[in-house]
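Reviewing the structure listed below.
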Amino acid sequence: MPEGLVAEFTASKTEAKTRLKDLERELESTEDFAEAWRIVENRVRVWRGRKKGKEEKELKPLRLQQLKAEFKALAKADGIGAGHVANYLGYIDTFISAMKKMYPKLVYCDDVSDAHGKEYLKWLLGSGLASSTVSKHASAMRTVFRRMEDRIGTSKIPIPAYKAVAAETEHHWDFTEEQLDAIRVAAEADKWIGPVVIVGMETGLRLGDAATLAWTSIDLEIGMIDHECRKTADSSEENAACPISPRLGGFLRTQKRKGQYVLPDQATRYLSSELDTSLSDAFRRFLRKVSKSLQGTEHSFEINKKRKKGVRAVAQYGFGSFRSTFITKALREGKPIEAIRLAVGHVDDSMIRKFYDRRNRGEKLRLYRSWWDSGLKEEDVQLRAKLKDTQGMLIEVQEVVASTTAENFPTMKRLLLRMLAMGINGLGPTNSGGSCDSKSA
9 MPEGLVAEFT ASKTEAKTRL KDLERELEST EDFAEAWRIV ENRVRVWRGR KKGKEEKELK
69 PLRLQQLKAE FKALAKADGI GAGHVANYLG YIDTFISAMK KMYPKLVYCD DVSDAHGKEY
129 LKWLLGSGLA SSTVSKHASA MRTVFRRMED RIGTSKIPIP AYKAVAAETE HHWDFTEEQL
189 DAIRVAAEAD KWIGPVVIVG METGLRLGDA ATLAWTSIDL EIGMIDHECR KTADSSEENA
249 ACPISPRLGG FLRTQKRKGQ YVLPDQATRY LSSELDTSLS DAFRRFLRKV SKSLQGTEHS
309 FEINKKRKKG VRAVAQYGFG SFRSTFITKA LREGKPIEAI RLAVGHVDDS MIRKFYDRRN
369 RGEKLRLYRS WWDSGLKEED VQLRAKLKDT QGMLIEVQEV VASTTAENFP TMKRLLLRML
429 AMGINGLGPT NSGGSCDSKS A
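When the letters of the sequence shown are read in order and numbered with the numbering used here, they come out as residues 9 to 449.
Take a look at the structure:
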């Protein structure tokens, strides 16, 4: 046998042994037969050098150094914009560089294990990057491995998810009426992101839900939107039940029905790929323009608020501000919390109560200050605090009872029972039930 062939055979045999050991370790980590079979099937498919479903197309194991070029080709075939692709290529460069430093013998993408992914995350965190930046790196590489699973030959995602931990929490701030007027004027003049802004302003829906609002979700005669929220679709069976304001109703009647979606071009772009962030980028540019137009006036606002030294800026105003503003306005108008929850599509009312508490913060602080100045005893403070909570809950109960009709009685009854279970004093189940029954009769 020729010497060169002997050397090639020896190297191949050594590599095969190494791969079989890796496979053995991977199989030992799972007790599920279906998962084990999937691991073997994917590994063998790559080792054979053939792509599933394409019998004659050679597919050699993908090397780490080839990941960038292969991903670029895939993104180009999917029609992803060059700017978005460039961002991902930067994340891939960082990943490959880190793997090369920490694991110089690591060659193939399908050999990147969960252990490698965890060490990569530690490396990012130890490199001085902001928590939010580490989250972006991790999220991007998880997307890369998910999108490249057919080429890599395994559906595992070795990079662990990482949620950024903010140095200090900052909610989206509400817009004032004057700021909303300026945004509305700019939105009417903007034919791309403007229509999405109008829907978001009037409904409190998230950007993705505003862009993909379907005609089948809209009932102009009743004046309601029954929309399945993308974020909570897997965790809640309820849709967002949002009222259509006169301004939104007028806007919807001017839109031509060109397909399934109210805004077909924006919906297509949003749904085209998880890599495409052009709508959110367009909104940031739009909001900067509005902010600049209000500079020097009493209604000016900064999109980003600087945090402490050494910590990056945090979004102060964004598309989420429409949602926050919508909820705050509804609370000020005395709308029942359950109705607001249904309107914005929250799974439970805990998020709404955060807005409720924030709205009443000044009132609470004044009350607490009066306690401090009056020198009340501990038992007096506890009694007054209990009374204050009871009064607040009673107001909410009254709102619910006043909004109860024969049609919504089952929902309102469940809400009242939940409130009573939380310990409202001075209003028993019999009284609350009697109020609802008489109202719905």
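Quick reminder that beta carbons are idealized off the backbone N, C-alpha and C, glycines included.
In three-state terms, what does DSSP make of residue i?
| i | result |
| --- | --- |
| P251 | strand |
| H2 | Absent from the structure is residue 2, since the part of the chain shown begins at 9 and ends at 449. |
| D234 | strand |
| D273 | helix |
| Y96 | helix |
| R214 | coil |
| N433 | Because the pLDDT at N433 is just 37, under 50, the model does not fix this residue reliably, and the point stays unresolved. |
| Y116 | strand |
| D101 | helix |
| D86 | coil |
| D158 | helix |
Beta-carbon within less than 8 Å of residue i's beta-carbon, same chain only, minus the 5 sequence neighbours each way: which residues are those?
| i | result |
| --- | --- |
| N95 | A148 |
| I230 | none |
| I311 | R292, L295, R296, S299, A323, Q324, Y325, G326 |
| W181 | F309, Q324, Y325, S329, S332 |
Going by DSSP, what residue range makes up the alpha helix (DSSP H) through residue i?
| i | result |
| --- | --- |
| I345 | 345–352 |
| L221 | Careful: L221 lies outside any alpha helix (DSSP H) and carries neither H nor E. |
| Q187 | 185–197 |
| R154 | 139–155 |
| K266 | That residue, K266, is in no alpha helix (DSSP H); it is neither H nor E in DSSP. |
| T285 | Element bounds for T285: n/a, residue is neither H nor E. |
| T336 | 328–340 |
| W200 | Premise fails: W200 is in no alpha helix (DSSP H) and is neither H nor E. |
| H2 | Examination of residue 2 is not possible in this model, given that the chain is present from 9 through 449 alone. |
Please state if the CB of residue j and the CB of residue i are separated by a distance shorter than 9 Å.
| i | j | result |
| --- | --- | --- |
| M107 | V93 | no |
| R155 | F79 | yes |
| D118 | L75 | no |
| L215 | F291 | yes |
| G257 | L221 | no |
| I100 | G212 | no |
| L287 | A219 | yes |
| E236 | S225 | yes |
| Y116 | L72 | yes |
Suppose the cutoff is 7 Å on Cβ atoms and the five residues either side in sequence are ignored; what does the same chain contact list for residue i look like?
| i | result |
| --- | --- |
| A449 | Because A449 carries a pLDDT of 31, less than 50, the predicted location of this residue cannot be relied on, and the following value inherits that uncertainty. Here the set comprises nothing. |
| K266 | P272 |
| A169 | A146, R150 |
| V152 | F79, Y96, I100 |
Got a sec? Which residues, its chain only, sit under 6 Å from residue i by beta carbon, not counting five neighbours each side?
| i | result |
| --- | --- |
| F191 | In the sequence under discussion, the amino acid at residue 191 is Ile, which differs from the Phe named in the question. Cβ within range, chain order: V298. |
**Request:** For the stretch 245–263 and the stretch 345–359, state whether three or more C-beta atom pairs, one from each stretch, are separated by less than 8 Å.
**Result:** yes
**Asked** Is the stretch 158–172 in contact with the stretch 275–294, if contact means three or more CB pairs nearer than 8 Å?
**Response** no
**Prompt:** Would you say the stretch 327–335 touches the stretch 198–218, given that touching needs at least three Cβ pairs under 8 Å?
**Reply:** yes
**Prompt:** Counting pairs of Cβ atoms below 8 Å between the stretch 187–204 and the stretch 267–278, do you hit three or more?
**Reply:** yes
**Item:** contact_flag[the stretch 191–199, the stretch 293–310] where n(CB pairs < 8 Å) is 3 or more
**Value:** yes
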